[in-house]
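Asker:
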Amino acid sequence: MDPASVPDHLSPALDAVVSRFAGMVRNVGWRHRLSEADVDEVMQQVRIRLWQAQRESEQISRAPASYVYRTAVSAALDLMRRRRAQRTDQTISLDEPGAALPDRGDPHDDLAYSELSQLVARAIDQIPASRRPVVRMHLAGHPREEIAQLLGWSEAKTRNLLYRGMDDLRERLKGLGVGWEMTT
Amino acid sequence: MGDDHMSVARLQELYAQALARRVGSAEGCVPPEELLALVQKQGDEARRLQTLDHVMGCADCHREFELLRALEAAGADRREAVTVRSISRRIMPLALAASVLLAIGVGLVMRNRESDLTRGGGSALVLLTPPSEVAPAQPVTFSWRASPGTQRYRLELLDRNGGVVFSQLTPDTSLTLPAELLPPGSSYRWWVRDATPGSALASSLRALRIRSK
């Protein structure tokens, strides 16, 4: 196809597929506090790539949803590579607002809170590698069912590894002088 | 510290605090392909656990992980229930409506060509106006910097899901839409592409909200 004859915009049909896909991404992402800006950036790249790929319109029209999905994953991977390259070049100040502790009123409280959070992080780092990610997901608020689904595990296996991992964490915190009440 | 007793809820709070204090760096981060393998449950389980362990302790990788997870979930149902041809038939009335809007837009372009033309230049398309929020019941002028070599631009106004609600081709660097097309309280994103064949030049997406009356 002559480049000049390629339409410069997506066909209404393909546009409908892209919009539907983006809507689903946002619906899923909303539950996980997904960045709207990330979705925007990826979907914008999808539009550009589809627009440029319209010469292969037969492949796109044969399976538009699959094509949009593959294009979106590819665009997301490229976005990540670009970000990593930028992060490597960055110097980040420890005084950035994001690194600030919540104001607890008393500087001594701030210090104790900071030390305690570092102890928790250190204790988690010492959990056996097979259980540690499950504990991290649990502490980050992910439900057991979600952990099981992500890892392709049964509910029983997930529960078992989580309980054992939390036991590990309790033992390590005790070793660091921190007590723990199982109130939740 | 020895008297500290904590619940799971407090542990979660402390863990979140510890993560927030970690300084971001790409060094040590897992490659994007491994994030994808985790999301798609591909490859060795031990390796995936290792990846997940890093992801849950790294804010940057976690953000990327969630993006891939959302794409995967949205793409999980990739059944091609309708062909492009059948979709085209159903949305033909919309396409006709869009044509009417385009015709209105062309008139507006011709009217505003002289006054709204913005000249400039740069390596990517730079959006100028409108700001992210505008007053209701007024025409809105979209403008951007000129790009050397660009023969024509395409302005697209998108709804929340990225669906095109207005699209217009123009050789100029501005376009004014009438108030009737932008109802009070509505929110959009908009962008401009270089529509010259073979060009991939585009602006970033910018938000636009029409204030309520």
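Quick note, the sequences are listed as chains Z and E, same order.
Count the first sequence with my numbering and you get residues 13 to 196, in order.
Count the second sequence with my numbering and you get residues 63 to 275, in order.
Note that the Cβ used here is the ideal one computed from N, Cα and C, for glycine as well.
#1: Got a sec: is the Cβ-Cβ distance from Z/D179 to anything in chain E below 8 Å?
#2: Give me the Cβ distance between Z/S166 and E/R125, rounded to the nearest whole Å; I'm assuming they're in contact under 8 Å.
#3: So what does DSSP say about Z/D179, is it helix, strand or coil?
#4: On the three-state DSSP scale, how would you describe E/A186?
#5: Report, in whole angstroms, the separation of the C-beta atoms of Z/V51 and Z/R38, which I expect to be a contact under 8 Å.
#6: For a contact defined as C-beta to C-beta under 9 Å, what are the partners of Z/A152 on chain E?
#7: Going along chain Z in order, which residues have a C-beta closer than 8 Å to the C-beta of E/R251?
#8: Just checking my contact of Z/R148 with Z/L188 at CB under 8 Å: how many whole Å lie between their CB atoms?
#9: Count the CB pairs spanning the segment 248–261 of chain E and the segment 212–220 of chain E that are closer than 8 Å, and state whether there are at least three.
#10: Consult DSSP for Z/I139 and reduce its assignment to one of helix, strand or coil.
#11: Taking C-beta pairs closer than 7 Å, name the residues in chain Z that E/D234 reaches, listed in chain order.
#12: Please look up how many angstroms separate the CB atoms of Z/A141 and E/D115, rounded, as I've assumed it's under 8 Å.
#13: Give me the DSSP bridge partner(s) of E/F204.
#14: Which same chain residues, not among the five before or five after E/Q200, have their C-beta less than 7 Å away from its C-beta?
#15: Determine the closest residue to Z/R61 out of Z/S126, Z/L131, Z/E127 and Z/L26, with distance taken between C-alpha atoms.
#16: Output, in chain order, the set of chain Z residues within a Cβ distance shorter than 7 Å of E/V26.
#17: Select from E/L98, E/Q79, E/V188 and E/S209 the residue whose C-alpha is nearest the C-alpha of E/A121.
#18: Please identify the residue among E/R83, E/D234, E/P198 and E/V226 whose C-alpha is closest to the C-alpha of E/R212.
#19: Using beta carbons (cut-off 8 Å, strictly below), is E/D106 in contact with chain Z?
#20: Closest Cβ-Cβ distance between E/G211 and chain C: below 8 Å?
#21: Alpha carbon to alpha carbon, how far is E/E107 from E/T113?
#22: Quick one, which of Z/Y79, Z/W63 and Z/I136 has its alpha-carbon nearest E/L76's?
#23: Skipping 5 residues on each side, what residues in its chain have a beta carbon closer than 6 Å to that of E/P198?
#24: To be precise: take each residue of the segment 77–90 of chain Z, compare its Cβ to all Cβ atoms of chain E, and keep it if any distance is under 7 Å. Which residues remain?
#25: Going by other Cβ atoms of all chains shown within 10 Å of its Cβ, with 16 needed for buried, is Z/S129 buried or exposed?
#26: What does Z/P145 reach in chain E if we use C-beta pairs closer than 7 Å?
#27: So with CB distances below 9 Å, who are the chain E contacts of Z/S142?
#28: Taking only beta-carbon atoms, is Z/S31 less than 8 Å away from chain E?
#29: For E/W206, count the other beta carbons within 10 Å of its own beta carbon; 16 or more makes it buried, fewer makes it exposed. Which is it?
#30: Please report the Cβ distance between E/L244 and E/F204, rounded to the nearest whole angstrom; I am assuming they are in contact, meaning their Cβ atoms lie under 8 Å.
#31: Based on Cα-Cα distance, which residue from Z/Q57, Z/A84 and Z/A34 lies nearest to E/S266?
#32: Among the residues of its own chain, which have a CB less than 8 Å from the CB of E/R131, if the five just before and after it don't count?
#33: Would Z/V30 pass as a contact of Z/R59 if the rule is Cβ separation under 8 Å?
#34: Assign Z/R94 to one of three DSSP states: helix, strand, or coil.
#35: E/S229 bridges to which residues according to DSSP?
#36: Could you name the residues of chain Z that E/E128 contacts, counting a contact when the two beta carbons are closer than 9 Å?
Answerer: From the atom records:
#1: no
#2: The pair is not a contact, with the Cβ atoms about 29 Å apart (cut-off 8 Å).
#3: Three-state DSSP puts Z/D179 in a helix.
#4: Coil at E/A186, not helix or strand.
#5: 6 Å
#6: Q74, Y77, A78, L81, M118 and H124
#7: D52
#8: Not a contact, Cβ separation roughly 18 Å.
#9: With the rule of 3 Cβ pairs closer than 8 Å, the segment 248–261 of chain E counts as touching the segment 212–220 of chain E.
#10: coil
#11: Here the premise fails: no neighbours, minimum Cβ distance about 16 Å.
#12: 7 Å
#13: E/L237
#14: The beta carbon of E/Q200 sits closer than 7 Å to the beta carbons of A241 from its chain, once the five residues preceding and following it are set aside; these are given in chain order.
#15: Z/L26
#16: Nothing can be reported for residue 26 of chain E: it is not among the residues displayed for chain E, which extend from 63 to 275.
#17: E/Q79
#18: In the sequence under discussion, the amino acid at residue 212 of chain E is Thr, which differs from the Arg named in the question. Checked all of E/R83, E/D234, E/P198 and E/V226; the closest Cα to E/T212 is E/D234.
#19: no
#20: In the structure shown, chain C cannot be found, because the protein chains are Z and E.
#21: 10 Å
#22: Taking only the C-alpha atoms, the option nearest E/L76 is Z/I136.
#23: P246, I272, R273 and K275
#24: For chain E, the residues of the segment 77–90 of chain Z that bring a beta carbon within less than 7 Å of one of its beta carbons are A77, S78, Y81, A84, V85, A88 and L89, in chain order.
#25: Buried: at least 16 other Cβ atoms inside 10 Å.
#26: L111, L114, D115 and M118
#27: A108 and L111
#28: yes
#29: buried
#30: The pair is not a contact, with the Cβ atoms about 11 Å apart (cut-off 8 Å).
#31: Measuring C-alpha to C-alpha distances from E/S266 to each of Z/Q57, Z/A84 and Z/A34 identifies Z/Q57 as the nearest.
#32: V101
#33: yes
#34: In the three-state reduction of the DSSP assignment, Z/R94 falls in the helix class, which pools H, G and I.
#35: Answer is E/E218, bridged to E/S229.
#36: G41, H44, R45, L46, S47 and D50
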